[in-house]
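Asks:
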Amino acid sequence: MWKPEGAIAAAVTPSRPDTFQMDMGASLELIDFLCSHGAGAITVFGPNGEFPHFPVEDRIRLAHLAIKRSRAPVIVNATCSNLDDAVAITDHAGSNGAAAIFIQPPFYYHYEPPEIREFFLRYSEEVNVEIPVLLYHSPVFHNSIPWEVASELLTRGIVAGIKDSSGDWEYFERLLAIRGAAPFLLFAGNESVLLRARRAGADAFVSSCACAVPELFAALEEAIRKGDNEQTGRLETLQNEFLSRVADFPGPMGIKEALEARGLKMGKRAIPFAPETRRRAEVFRDWFQIWLPNMLKAAGG
Numbered sequence: 194m195w196k197p198e199g200a201i202a203a204a205v206t207p208s209r210p211d212t213f214q215m216d217m218g219a220s221l222e223l224i225d226f227l228c229s230h231g232a233g234a235i236t237v238f239g240p241n242g243e244f245p246h247f248p249v250e251d252r253i254r255l256a257h258l259a260i261k262r263s264r265a266p267v268i269v270n271a272t273c274s275n276l277d278d279a280v281a282i283t284d285h286a287g288s289n290g291a292a293a294i295f296i297q298p299p300f301y302y303h304y305e306p307p308e309i310r311e312f313f314l315r316y317s318e319e320v321n322v323e324i325p326v327l328l329y330h331s332p333v334f335h336n337s338i339p340w341e342v343a344s345e346l347l348t349r350g351i352v353a354g355i356k357d358s359s360g361d362w363e364y365f366e367r368l369l370a371i372r373g374a375a376p377f378l379l380f381a382g383n384e385s386v387l388l389r390a391r392r393a394g395a396d397a398f399v400s401s402c403a404c405a406v407p408e409l410f411a412a413l414e415e416a417i418r419k420g421d422n423e424q425t426g427r428l429e430t431l432q433n434e435f436l437s438r439v440a441d442f443p444g445p446m447g448i449k450e451a452l453e454a455r456g457l458k459m460g461k462r463a464i465p466f467a468p469e470t471r472r473r474a475e476v477f478r479d480w481f482q483i484w485l486p487n488m489l490k491a492a493g494g
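Counting from 1 along the sequence shown, just add 193 to a position and that's the residue number in our numbering.
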């Protein structure tokens, strides 16, 4: 089974300059940027990638191109509002070289635990892939995966692992506790508990901020692996500084502002900034241009 090495960057999805449609060329330039700046693996079409905005056909096409272009393993989020589309994305990604699949409960409508359980059971029966399929628990954006459902799917080996982005430490500890009986991949996906989760036993972390500053998270992962607590502390401080700044923006907009400041094309936003948000963006860019060289020096870049 594939296991990640290094920090995993959750990619944004650039759009065209004049319309909010996927920009394939700019997306591949972002893949190149992440590969050349230290990303150990890349996820496409997670919440950071704004996947609900884009047609399934475009998601399949870009996933295909990203897998072929990337020098790092690519994880494809196959989450959709319905079972058939989730299966289609999964099967295409699995047959074209994806390293793994993330799958969340169907989005938009609220579903009760029995429906969520049935969805995952049917999904596991219908997909035809040999790569790892991991649950993706992100209750901020989607239906949560009830503990009893996650536990059953993991301990029965129906899925290969889980990415927990909830930030709920009790939920994460319960995941750690059941790994002895049924080993599975466990990824941390909430930056507020990233370091704590890695030290507790998470196999890897997936970071939205790593899309904008992959050097920082590559260095942080290396420091964690080496047990270099002094360097880990320095880098964690920088991580928290960046995280607090991008938290001022809706969704991945702060990440995109940072990427534009680094010369990447992000295109049109899904929704326009309000006047006060535009002012915050100007302040953020001024801060980022000062902060970035200091971060690169600390990260060894």
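We put the CB at the ideal spot given by N, CA and C, even for glycine.
Would you call the segment 386 to 404 and the segment 194 to 212 touching, i.e. three or more CB-CB distances under 8 Å?
Replies: As far as the Cβ criterion goes, the segment 386 to 404 touches the segment 194 to 212, which means the pair count is three or higher.
Asks: If we count the other Cβ atoms within 10 Å of its Cβ and call it buried at 16 or more, is Ala474 buried or exposed?
Replies: Answer is buried; the Cβ neighbour count reaches 16.
Asks: Going by DSSP in three states, Ser337 sits in which element: helix, strand or coil?
Replies: Of the three classes helix, strand and coil, the one that applies to Ser337 here is coil, per DSSP.
Asks: Please state the DSSP three-state secondary structure of Ile235.
Replies: Correct three-state label for Ile235: strand.
Asks: Judging by CA-CA distance, which residue of Ile483, Ala279 and Val386 is the nearest neighbour of Ile253?
Replies: Nearest C-alpha to Ile253: Ala279.
Asks: When you compare the segment 263 to 281 with the segment 299 to 309, are there three or more beta-carbon pairs, one atom per stretch, that lie closer than 8 Å?
Replies: The segment 263 to 281, when compared against the segment 299 to 309, does touch it at the 8 Å Cβ threshold.
Asks: Short check: CB of Ala416 to CB of Leu428, under 9 Å?
Replies: In contact: Ala416 and Leu428 (Cβ atoms closer than 9 Å).
Asks: Glu455: which of Ala467, Val406 and Phe435 sits nearest, CA to CA?
Replies: The sequence shown places Arg at residue 455, rather than the Glu named in the question. Checked all of Ala467, Val406 and Phe435; the closest Cα to Arg455 is Val406.
Asks: Determine the contact status of Ala291 and Ile268, defining contact as a CB-CB distance below 9 Å.
Replies: Against a cut-off of 9 Å, the Cβ pair of Ile268 and Ala291 comes out as a contact.
Asks: Going by DSSP, what residues sit across from His330 in a beta bridge?
Replies: Note: His330 sits in a beta bridge opposite Asp357.
Asks: In whole angstroms, give me the CA-to-CA distance for Ser220 and Pro248.
Replies: Their backbone Cα atoms lie some 16 Å apart in a straight line.
Asks: Specify the secondary structure class of Asn275 as computed by DSSP and reduced to three states.
Replies: If DSSP states are grouped into helix, strand and coil, Asn275 belongs with coil.
Asks: Take His230 and list the residues in its own chain whose beta-carbon comes closer than 7 Å to its own, dropping the five residues that flank it on each side.
Replies: Excluding positions up to five away in sequence, the list reads Pro407 and Glu408.
Asks: Per DSSP, what are the beta-bridge partners of Ile464 in this structure?
Replies: Ile464 pairs with nothing; no bridge assigned.
Asks: So, does the CB of Pro266 fall closer than 9 Å to a CB anywhere in chain B?
Replies: The question asks about chain B, but that chain is absent: this structure has only one protein chain.
Asks: Could you tell me the alpha carbon to alpha carbon distance between Asn241 and Ile483, rounded to whole angstroms?
Replies: In a straight line, the C-alpha of Asn241 is about 25 Å away from that of Ile483.
Asks: Under 9 Å, do Leu413 and Gly394 count as touching if we go by C-beta distance?
Replies: Going by C-beta atoms, Leu413 is not nearer than 9 Å to Gly394.
Asks: How many Å lie between Ala492 and Phe365 at the Cα?
Replies: Each residue's alpha carbon lies about 28 Å from the other.
Asks: Output the distance between the C-alpha atoms of Gly218 and Pro207, rounded to the nearest integer angstrom.
Replies: Rounded to whole angstroms, Gly218 to Pro207 spans 9 Å at the Cα level.
Asks: Please work out which residues of its chain come closer than 6 Å, Cβ to Cβ, to Ala403, disregarding the five sequence neighbours upstream and downstream, and give them in chain order.
Replies: Result list for Ala403: Ala200, Ala202 and Phe410, in chain order.
Asks: Whose C-beta lies closer than 6 Å to the C-beta of Gly447 among residues of the same chain, with five residues either side of it excluded?
Replies: If we look at Gly447 and ignore the five residues flanking it on each side, its Cβ neighbours are Val439.
Asks: When the distance is taken between beta carbons, is Ala256 closer than 9 Å to Pro197?
Replies: Taking 9 Å as the Cβ cut-off, Pro197 and Ala256 do not qualify as a contacting pair.
Asks: Could you give the residue range of the alpha helix (DSSP H) that holds Gly352?
Replies: Reading the sequence as shown, one finds Val at residue 352 and not Gly. Run containing Val352: none; DSSP gives neither H nor E here.
Asks: Give every residue of the same chain whose Cβ lies closer than 6 Å to the Cβ of Phe334, excluding the five residues on either side of it in the sequence, and list them in chain order.
Replies: Contacts found: Pro240.
Asks: Span of the beta strand (DSSP E) holding Phe435?
Replies: Run containing Phe435: none in the beta strand (DSSP E); it sits in the alpha helix (DSSP H), Asn422 to Val439.
Asks: Pull up the distance between the alpha-carbon of Thr425 and that of His303, whole angstroms please.
Replies: Cα to Cα, Thr425 sits roughly 40 Å from His303.
Asks: Using only alpha-carbon positions, find the residue among Asp357, Val326, Ala353 and Gly350 that is nearest to Pro339.
Replies: Of the listed residues, the one whose Cα sits closest to Pro339 is Asp357.
Asks: Identify, in the order they occur along the chain, each residue of the same chain with its Cβ nearer than 8 Å to the Cβ of Asp284, setting aside the five sequence neighbours on each side.
Replies: Val320, Asn321 and Val322, listed in sequence order.
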